[in-house]
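Reading through the structure tokens given below for one structure.
Here it is as structure tokens:
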């Protein structure tokens, strides 16, 4: 049995540990594969743990194989994030994916996913000027009397949609999420947002995470001067991924009168452009990720970050069956070149990180 987990671990906290231990309890002797991202998260944040420390931590806690979700997928909306992750797990011949869920009702999530495959179902809800996520939420509530607004349920639905669209045999399984995602209160099992907020305020979080020794405590705010510079000098902002519907005019209008990242986002936020959507967009501008580069996205490679002996043996067994190359280092291709660009930007905060893209040996554990 091979189990897939898709998780950012930004950072890895007690809730993630609960989830992982539950997976090991439910599927004893299984091979567990983690798909995770590198420098930037799906919400447009900088990752608190770099991918190498994240890999080492995951392997020490019983994950057998860690592979990278490239920036071209991991920095985008839940649909595209999920597409990249499911493509990788399909190639790795995973039997099940196990994800956290606030509703903990896999049959309901499957119904919702099937319903959302028909784009016509939400057209009426978009006419009111709602954002795409809000339109989906309103449609689902009217049809199923269910509020699809919590992050794990939204991602779970997206995973299931991609499994259906790719005609995959992967079975989705959910485990109940115990804590309130929106709460910024610190408790034994709290949200990653609460931990990041506490770190920003320089509070101790050691009780809420299995290991805080590897944290690289950086936030996108630190790169706001560069974002501001890029927006001021670039007269073709609409070429960047997710800069749509004339939002580039609002970027130009408010950039000179905004003195922090938070102030800028709140100045340009609209009903259709949510806080997190804008934050992702700013990361795309910062990293120079263009619409041309984002067109016709596909999985060009599977990059292995680390493995246990079981994970290494599993890779050997399925390597000839995968449709894309499995690599352990730099490979010249579009997606990897963008990854290197993002690593160079991350290196502005963490010197020498870029070298790890070329020189860092993959993590191994017996």
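Residue numbers (the numbering used here): 34 to 399.
Glycine is no exception: its CB is placed at the ideal position from the N, C-alpha and C atoms.
*Hey, residue 106 and residue 39 are a contact pair by Cβ (cut 8 Å); roughly how many whole angstroms apart?*
As a working mapping, residue 106 is identified with position 73 in the chain shown. As a working mapping, residue 39 is identified with position 6 in the chain shown. No, residue 106 and residue 39 are not in contact; Cβ-Cβ is about 11 Å, not under 8 Å.
*Relative to the alpha-carbon of residue 44, which residue among 197, 246 and 296 has its alpha-carbon at the smallest distance?*
Taking the first residue of the chain shown as 1, we reach residue 44 at position 11. Nearest of 197, 246 and 296 to residue 44, Cα basis: 246.
*Does the segment 108-121 touch the segment 323-341, meaning 3 or more C-beta pairs lie closer than 8 Å?*
yes
_Assuming residue 114 is part of the alpha helix (DSSP H), what are its boundary residues?_
The count along the chain shown starts at 1 and reaches residue 114 at position 81. Residue 114 -> alpha helix (DSSP H) spans 111-124.
*Between the C-alpha atoms of residue 376 and residue 61, what's the straight-line distance to the nearest angstrom?*
Position 343 of the chain shown, counting from 1, holds the residue named residue 376. Position 28 of the chain shown, counting from 1, holds the residue named residue 61. Answer to the nearest angstrom: the Cα atoms are 36 Å apart.
*Could you have a look at residue 321 and say whether DSSP puts it in helix, strand or coil?*
Within the chain shown, the letter at position 288 stands for residue 321. In this structure, residue 321 counts as coil in the three-state DSSP scheme.
*CB residue 264 to CB residue 288, shorter than 8 Å?*
Sequence index remark: in the chain shown, residue 264 carries index 231 (1-based). Sequence index remark: in the chain shown, residue 288 carries index 255 (1-based). The answer is yes: Cβ separation under 8 Å.
*Below 7 Å CB to CB, which residues in the same chain sit around residue 261 once its five sequence neighbours on both sides are set aside?*
Along the chain shown, read from residue 1 onward, the residue named residue 261 stands at position 228. Cβ neighbours of residue 261 within its own chain (closer than 7 Å, five residues either side excluded): 288.
*Stretch pair the segment 63-81 + the segment 265-276: three plus CB contacts closer than 8 Å*: no
*Taking C-alpha atoms, which residue in 386, 168, 144 and 311 lies nearest to residue 273?*
What you label residue 273 is simply residue 240 of the chain shown in a count that begins at 1. Comparing Cα positions, the closest option is 311.
*For residue 209, does the three-state DSSP call read helix, strand or coil?*
Position 176 of the chain shown, counting from 1, holds the residue named residue 209. Note: residue 209 maps to strand in three-state DSSP.
*Just the Cα atoms here: how many angstroms apart are residue 149 and residue 46?*
One-based indexing of the chain shown puts residue 149 at position 116. One-based indexing of the chain shown puts residue 46 at position 13. Each residue's Cα considered, the two are about 31 Å apart.
*asked:* Three or more C-beta pairs under 8 Å: does that hold for the segment 286-301 against the segment 79-88?
replied: no
*Quick one: give me the first and last residue of the alpha helix (DSSP H) that residue 389 is part of.*
Here residue 389 is taken as the residue at index 356 of the chain shown, counted from 1. Counting along the chain, the alpha helix (DSSP H) containing residue 389 begins and ends at 386-392.
_Distance, residue 224 Cα to residue 94 Cα_ = Translated into positions along the chain shown, residue 94 becomes position 61. Translated into positions along the chain shown, residue 224 becomes position 191. Whole-angstrom Cα-Cα distance: 20 Å.
*What number of angstroms, rounded off, separates the C-alpha of residue 144 from the C-alpha of residue 91?*
Reading the chain shown from its first residue, position 111 is the one you call residue 144. Reading the chain shown from its first residue, position 58 is the one you call residue 91. When rounded, the distance between both Cα atoms is 32 Å.
*The alpha helix (DSSP H) spanning residue 63 covers which residue range?*
Taking the first residue of the chain shown as 1, we reach residue 63 at position 30. Careful: residue 63 lies outside any alpha helix (DSSP H) and carries neither H nor E.
_Burial state of residue 134 (16 or more Cβ within 10 Å)_ = Locating residue 134 in the chain shown gives position 101, where the first residue counts as 1. Flag for residue 134 reads buried.
*In whole angstroms, what separates the C-alpha of residue 57 from that of residue 63?*
Indexing the chain shown from 1 puts residue 57 at position 24. Indexing the chain shown from 1 puts residue 63 at position 30. C-alpha of residue 57 to C-alpha of residue 63: approximately 8 Å in a straight line.
*Test item: CB-CB of residue 98 and residue 66 under 8 Å*: On the chain shown, position 65 is the one that residue 98 refers to. On the chain shown, position 33 is the one that residue 66 refers to. The answer is yes: Cβ separation under 8 Å.
*Can the beta-carbon of residue 203 be found less than 8 Å from the beta-carbon of residue 196?*
If you number the chain shown from 1, residue 203 lands on position 170. If you number the chain shown from 1, residue 196 lands on position 163. The answer is yes: Cβ separation under 8 Å.
*Output the boundary residues of the beta strand (DSSP E) element that contains residue 133.*
In the chain shown, the residue the question calls residue 133 occupies position 100. Element bounds for residue 133: 129-134.
*Identify whether residue 239 lies in helix, strand or coil by the three-state DSSP scheme.*
Against the chain shown, residue 239 aligns to sequence position 206. Reduced to three states, the DSSP call for residue 239 is helix.
*Do residue 383 and residue 363 have their C-beta atoms within less than 8 Å of each other?*
What you label residue 383 is simply residue 350 of the chain shown in a count that begins at 1. What you label residue 363 is simply residue 330 of the chain shown in a count that begins at 1. The answer is no: Cβ separation not under 8 Å.
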